[in-house]
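Just so you know, the sequence shown maps onto residues 106 to 488 in the numbering used here.
Notes to accompany the following structure.
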Amino acid sequence: MRRPDSMTILAISLLLCSLAASAWSENLTTITLGFTGRLSEPITQSALQGAQLAIDDANAMAIRRRSPLRLQLLPQDDHGNENFAINIARYYIKENVAGVVGPWSSDAALATAAIYENAGIPQIGFTATSSQWTSMGHRMPFRVVGGTQELSSALAEVAGRSLAGQRVFVIQNDSAYSTALADAVMERLAATAPAIALGRIQVARRTTDFHVAMQAAMQHDADVIVFLALYPQARAFIDAARRSGSKARILLTGGASNLELASQPEPRLHVLEFEIARDYCPQWKKVAQAYRSRFDTAPTTYSFYAYDAASVLGAAILQTGSGDGRRIAVALHQLRHPGLHGPISFAPNGARANPRYTLFRHDGRWQPVEFFPAGSGRHEPCV
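If you want it as structure tokens, here you go:
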């Protein structure tokens, strides 16, 4: 009997490998994850793209580990409306999603919390920052950024100490997030700096007219104005503040560093963001380059927040090897994951453990000037 030559052996080997790969690919399991927000807004699209980049990275990791799991996003537009968010939550239950990157707003998160809890679907919030959301006794909500409790403490310290405010005026809107944050900032300032004269006004969450609000701030003779409405309102507010002639220092938050402002310095403008010193996170540059290459545009802070949210959710799924939401939630509670804003771990209630913030001043562009909590400028790297 003639022995097979080397070419025959090679052909048989390649055939067997092909058959094995084909059989393995046929056994792949697709796990669907939700993503909710007002998808018509460019800033939300930047977050969705950040989440997609993290899903791509998770799938690449699954291939390297020869895991049969593959993740995919199922984005839905909640129009910034709680009723839409409730309908989307019910739709996600029917679609058997394993987790949700979101909800976007605190109002939507609070409205859907019980629905997701009963269905055993973990939610990874990256913009819904109301501390109430993670204080309801549920096991399914998680947040990769700080909550209103931690943020209000840092904002009060900036307004009273860093900006040396003596007459502080707070502008909020009627959303759950803004109301909770304004309440907490006012309470914190009253407790820690009782000599500061405090004022406050509420506007509608969709308004772009801040004339009355600025008149009230000037009547208060404010030397620091803390703007706690939503990101889409920030540019209109800054324009109104410029027109008013007020000389008050302005403190913003909630992604305002994404605003493209004139190149001339405007040092009275400050923004407090959930962020660490980027020098301590080399992964920032890698993710930013990958984002630009994939989407042909620069990432926003929301791109990075959503990347962290989708990344930690994907890590928990790969760790459990399962699309079971309750098993994933257990893994999330135990996980310590390398994130773009420091190691991600969660408190027992799902809140981000040890959130850190950076204060930026506009010196022609946003420049970091201080880190919070105090002394956290040099800390454990993100990877």
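For each residue, glycine too, the CB sits at the ideal point set by N, CA and C.
- Message: Buried or exposed, going by whether 16 or more other CB atoms sit within 10 Å of the CB of L53?
- Response: Nothing about residue 53 can be reported from this structure: the residues present for the chain run from 106 to 488 only.
- Query: Sorted by chain position, which residues of the same chain lie with C-beta nearer than 7 Å to D326's C-beta, five sequence neighbours on each side aside?
  - Reply: The residue you call residue 326 lines up with position 221 of the sequence shown. Once the five neighbours on either side are set aside, the close Cβ partners of D326 are R272.
- Among A414, G426, E222, the one whose alpha carbon lies nearest that of L174: Mapped onto the sequence shown, residue 174 falls at position 69. If we check each option's Cα against that of L174, G426 comes out closest.
- C-alpha distance - A300 paired with A322, whole-angstrom precision: Position 195 of the sequence shown, counted from the first residue, corresponds to residue 300. Position 217 of the sequence shown, counted from the first residue, corresponds to residue 322. A300 and A322: Cα-Cα distance of roughly 18 Å.
- Task: Could you have a look at A302 and say whether DSSP puts it in helix, strand or coil?
- Result: Locating residue 302 in the sequence shown gives position 197, counting from the first residue. Three-state DSSP puts A302 in a strand.
- Item | Per-residue DSSP class, three states only, for G204 | In the sequence shown, counting from the first residue as 1, residue 204 sits at position 99. Three-state result, G204: strand.
- Task: Could you please give me the residues that DSSP links to V329 through a beta bridge?
- Result: The count along the sequence shown starts at 1 and reaches residue 329 at position 224. The partner list for V329 (beta bridge, DSSP) reads V273, R354.
- How would you write the range of the alpha helix (DSSP H) that D279 sits in, first residue to last? Indexing the sequence shown from 1 puts residue 279 at position 174. No alpha helix (DSSP H) contains D279, which DSSP labels as neither H nor E.
- Quick one: using the 10 Å Cβ neighbour count with 16 as the cut-off for buried, is R457 buried or exposed? Locating residue 457 in the sequence shown gives position 352, where the first residue counts as 1. R457 comes out buried.
- Query: Does DSSP classify V250 as helix, strand or coil?
  - Reply: Translated into positions along the sequence shown, residue 250 becomes position 145. Residue state, collapsed to three classes: coil.
- Output the distance between the C-alpha atoms of H442 and Q324, rounded to the nearest integer angstrom. On the sequence shown, position 337 is the one that residue 442 refers to. On the sequence shown, position 219 is the one that residue 324 refers to. Computed Cα separation, rounded: 48 Å.
- Identify the continuous beta strand (DSSP E) that holds V474 and give its terminal residues. Translated into positions along the sequence shown, residue 474 becomes position 369. Run containing V474: 471–477, per the beta strand (DSSP E) assignment.
- Item | Cβ shell of F274 (< 6 Å), same chain only, five flanking positions each side left out | The residue labelled residue 274 in the question sits at position 169 within the sequence shown. Once the five neighbours on either side are set aside, the close Cβ partners of F274 are G304, A322, H325, A327, I330.
- Task: Let me know the alpha helix (DSSP H) ranges lying completely inside the stretch 132–173, each 4 residues or longer, listed in chain order.
- Result: 147–169
- Would you call V290 buried or exposed, if buried means 16 or more other Cβ atoms sit within 10 Å of its Cβ? Taking the sequence shown and counting its residues from 1, the one referred to as residue 290 is at position 185. When all chains shown are included, V290 counts as buried.
- Message: If you reduce the DSSP assignment to three classes, tell me which class F400 lands in.
- Response: Reading the sequence shown from its first residue, position 295 is the one you call residue 400. In the structure shown, F400 sits in a helix (DSSP, three-state: H, G or I).
- In chain order, what residues of the same chain have a beta carbon less than 7 Å from the beta carbon of N164, not counting five sequence neighbours either side? On the sequence shown, position 59 is the one that residue 164 refers to. Around N164: R175, L176.
- Task: Thinking Q228 and G207 are a contact (beta carbons under 8 Å), I'd like their distance in whole angstroms, please.
- Result: Position 123 of the sequence shown, counting from 1, holds the residue named residue 228. Position 102 of the sequence shown, counting from 1, holds the residue named residue 207. Indeed, because the Cβ distance is near 7 Å, the residues count as touching under 8 Å.
- Task: Report the three-state DSSP secondary structure of D182 (helix, strand or coil).
- Result: Here residue 182 corresponds to residue number 77 of the sequence shown, with the count starting at 1. In the structure shown, D182 sits in a strand (DSSP, three-state: E or B).
- Those residues which DSSP pairs with V376 across a bridge: The residue given as residue 376 occupies position 271 in the sequence shown. According to DSSP, V376 bridges with L357, F465.
- Item | Per-residue burial, A168 [other beta carbons within 10 Å of its own, 16 or more giving buried] | Within the sequence shown, residue 168 is the residue found at index 63, counting from 1. Reading off the sequence, residue 168 comes out as Ile, not Ala. Looking at its Cβ environment, which holds fewer than 16 other Cβ atoms inside 10 Å, I168 is exposed.
- Message: Check this for me: beta carbons of V376 and F465, under 8 Å apart or not?
- Response: Counting from one through the sequence shown, the residue named residue 376 turns up at place 271. Counting from one through the sequence shown, the residue named residue 465 turns up at place 360. It is a contact, given that the beta carbons lie within the stated cut-off.
- For S235 and L364, the rounded distance between their alpha carbons: Residue mapping note: residue 364 aligns to position 259 of the sequence shown, counting from 1. Residue mapping note: residue 235 aligns to position 130 of the sequence shown, counting from 1. Straight-line Cα distance between these residues: approximately 23 Å.
- Message: Buried or exposed, going by whether 16 or more other CB atoms sit within 10 Å of the CB of R293?
- Response: On the sequence shown, residue 293 is found 188 positions in, with the first residue counted as 1. R293 is buried by the Cβ-count criterion.
- Query: Checking contacts by CB at 8 Å: is D413 closer than that to chain D?
  - Reply: As a matter of chain content, chain D is missing from the structure shown, which is built from one protein chain.
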